[in-house]
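What follows is a single structure, written as structure tokens, with notes after it.
Residue numbers (the working numbering): 27 to 194.
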């Protein structure tokens, strides 16, 4: 297992309840799969429930509405045994008036015997304005600021106050 010294728990970030509180709760880019406001609110309520009073909730979406730019990324790797992978990741927004955008993934997979196959996967991801995010943090009892990380990506840092975010 990867990182066997760490506890791993499989659960839905909208409803998971561990019965514990932590100094820091991190929701990385998995938050992008919350494609409607209620899903984001539920994830933030879960974060608040698991964060001690005065603790920090950090959320790192790939984009907010204000920073989204269509684009592409690519890369790959070759293994010593002849296997290889090349990928293309293409982000675009077919309807700028809704709360989602698309990420298309194309993969070229080379087997050790030299045969190559192609795979495609489409992900629908949430895209919300900064002020909506900040309002949802406030509703959850974790008033937040927005900042930029070292790569320029928007991050939200909230401090858990003595408020249950509607979760009792």
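Yeah, the Cβ is synthetic: ideal placement off N, Cα and C, and Gly gets one too. If you're wondering where the values come from, they're calculated on a predicted model, not measured in any experiment.
Check: As assigned by DSSP and simplified to three states, the class of residue 115; Outcome: strand
Check: Complete runs of the alpha helix (DSSP H) confined to the segment 27-89 [at least 4 residues]; Outcome: 63-75
Check: Unbroken beta strand (DSSP E) run spanning residue 180, endpoints; Outcome: 180-185
Check: As assigned by DSSP and simplified to three states, the class of residue 188; Outcome: coil
Check: Cβ neighbours of residue 104 in the same chain (closer than 6 angstroms, five flanking residues each side left out); Outcome: 110
Check: Inter-stretch contact (C-beta, 8 angstroms, three-pair minimum) for the segment 164-179 and the segment 83-94; Outcome: yes
Check: Residue 38 burial status per 10 Å Cβ neighbour count (16 or more: buried); Outcome: exposed
Check: Residue 160 (DSSP reduced to helix, strand or coil); Outcome: helix
Check: Among 126, 170, 136, the one whose alpha carbon lies nearest that of residue 88; Outcome: 126
Check: Where residue 141 sits in the DSSP three-state scheme; Outcome: coil
Check: Neighbourhood of residue 194 by C-beta distance below 6 angstroms, restricted to the same chain and skipping five residues each side; Outcome: Note on residue 194: pLDDT 46, under 50, position unreliable in the model; the coordinate value appears next. Correct list: empty, nothing qualifies.
Check: As assigned by DSSP and simplified to three states, the class of residue 92; Outcome: helix
Check: Separation of residue 148 from residue 136, as counted between CA atoms; Outcome: 21 angstroms
Check: Alpha carbon of residue 81 to alpha carbon of residue 100, nearest angstrom; Outcome: 37 angstroms
Check: Boundaries (first-last residue) of the beta strand (DSSP E) holding residue 177; Outcome: From DSSP, residue 177 is part of no beta strand (DSSP E); its letter is neither H nor E.
Check: Within 8 angstroms, strictly: CB atoms of residue 115 and residue 131; Outcome: yes
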